[in-house]
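Residues 397 to 633 (the working numbering) are what the sequence shown spells out, left to right. Each remark here refers to the structure printed beneath this line.
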Amino acid sequence: MLLPGTDVLFLFQRDGCRTLRMTIRSDGSVVVRAPAGLSEEKVFAFLFSRLDWIRSKRDFFTSHRGTPSVFKEGEPVFFLGRPFLLHAVPLIRGVRAGFEGHRLKLPCPGRDPDENTMERSFRRWRRETAALVLGRRLARMERRACALLGDDAAVRSLAVRSLRRRWGSCSVRGNIILAEQLIAMPLPLIDYVLCHELCHLRAMNHGPAFHACLRLLLPDAVDRERRIYIWSLEHPR
Ligand SMILES: [Zn+2]
397 MLLPGTDVLF LFQRDGCRTL RMTIRSDGSV VVRAPAGLSE EKVFAFLFSR LDWIRSKRDF
457 FTSHRGTPSV FKEGEPVFFL GRPFLLHAVP LIRGVRAGFE GHRLKLPCPG RDPDENTMER
517 SFRRWRRETA ALVLGRRLAR MERRACALLG DDAAVRSLAV RSLRRRWGSC SVRGNIILAE
577 QLIAMPLPLI DYVLCHELCH LRAMNHGPAF HACLRLLLPD AVDRERRIYI WSLEHPR
């Protein structure tokens, strides 16, 4: 439903709840649940009284996405926790994607690239950059873990790909998979994910041995885990 006279769209549900409840999801959508008997006028009046709050929350969520919802000139993307604005440049030999000031330059074919073209260019940049950045960082963390733990548990292989539901995984054989989307996060949070997977080389489950290992590598692991949770809510993939 559209709140009359505004730009606020919301999903309206009636259920057995006793009070009116409103949630803003991390994708910026608004969900309102109302008791069966409450009139529509009362629901609207409630939403009008919260209009500024709804708009500011919604704008916050849409401007902090890890990946833009629309791939247009000037949309923000995050790299190592900092925002950069998408900027299309002509696809000419020798011009590569990369940062220029506060912008992420993306070579695109055609004069006025559409959203799909920008998205393809962005994904190519992210895949290549993530493989490079995460590969180097994991190798460094792997050496550090072996030095601190006094063993030689080695990563067998690393694959970096687009993952929507998890940040990483580690198989019994030591094959680690990391999400490309990780490069949007601040480095201390990326390090948490890398150390988490490196600890799985020594303990497959999340038991006491795993946590002892993680505490040795990152004494503030619990705090970083909480920050990743908040980061994920504020920057949907
Ligand atoms: Zn785990």
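Just so it is clear, CB atoms sit at the ideal spot from N, CA and C, and this is done for glycine as well.
- Here Cys609 has Leu545, Cys595, Arg598, Ala599 as same chain residues with Cβ atoms under 7 Å from its own Cβ, once five neighbours each way along the sequence are excluded.
- A residue is called buried when at least 16 other Cβ atoms come within 10 angstroms of its Cβ; Val556 meets this threshold and is buried.
- Taking a cut-off of 6 Å from the heavy atoms of ligand 1, the residues with a C-beta inside it are His592, His596, His602.
- Around the Cβ of Phe495, a 10 Å sphere holds fewer than 16 other Cβ atoms; the residue is exposed.
- Between Leu476 and Leu614, the CB-CB gap reaches or exceeds 7 Å.
- Here the alpha carbon of Leu629 sits roughly 11 Å from the alpha carbon of Arg622.
- Here the C-alpha atom of Thr525 lies approximately 45 Å from the C-alpha atom of Ser445.
- Ser565 sits in a strand when the DSSP states are folded into three classes.
- At the C-beta level, Trp521 and Ala543 stay beyond 7 Å of one another.
- For Ser517, the three-state secondary structure derived from DSSP is helix.
- If only complete runs of 3 or more residues are kept, the stretch 538–564 shows the beta strand (DSSP E) at 553–557, in order along the chain.
- If only uninterrupted beta strand (DSSP E) runs of at least 3 residues are considered, those enclosed by the stretch 471–497 are 472–475, 478–486, 494–496.
- Per DSSP, reduced to three states, the secondary structure at Thr402 is coil, with no helix or strand assignment.
- For Ala617, the uninterrupted alpha helix (DSSP H) segment begins and ends at 617–630.
- Between the stretch 423–443 and the stretch 399–410, the count of C-beta pairs closer than 8 Å reaches three or more; the two stretches touch.
- Taking C-alpha positions only, Leu574 is separated from Ala535 by approximately 13 Å.
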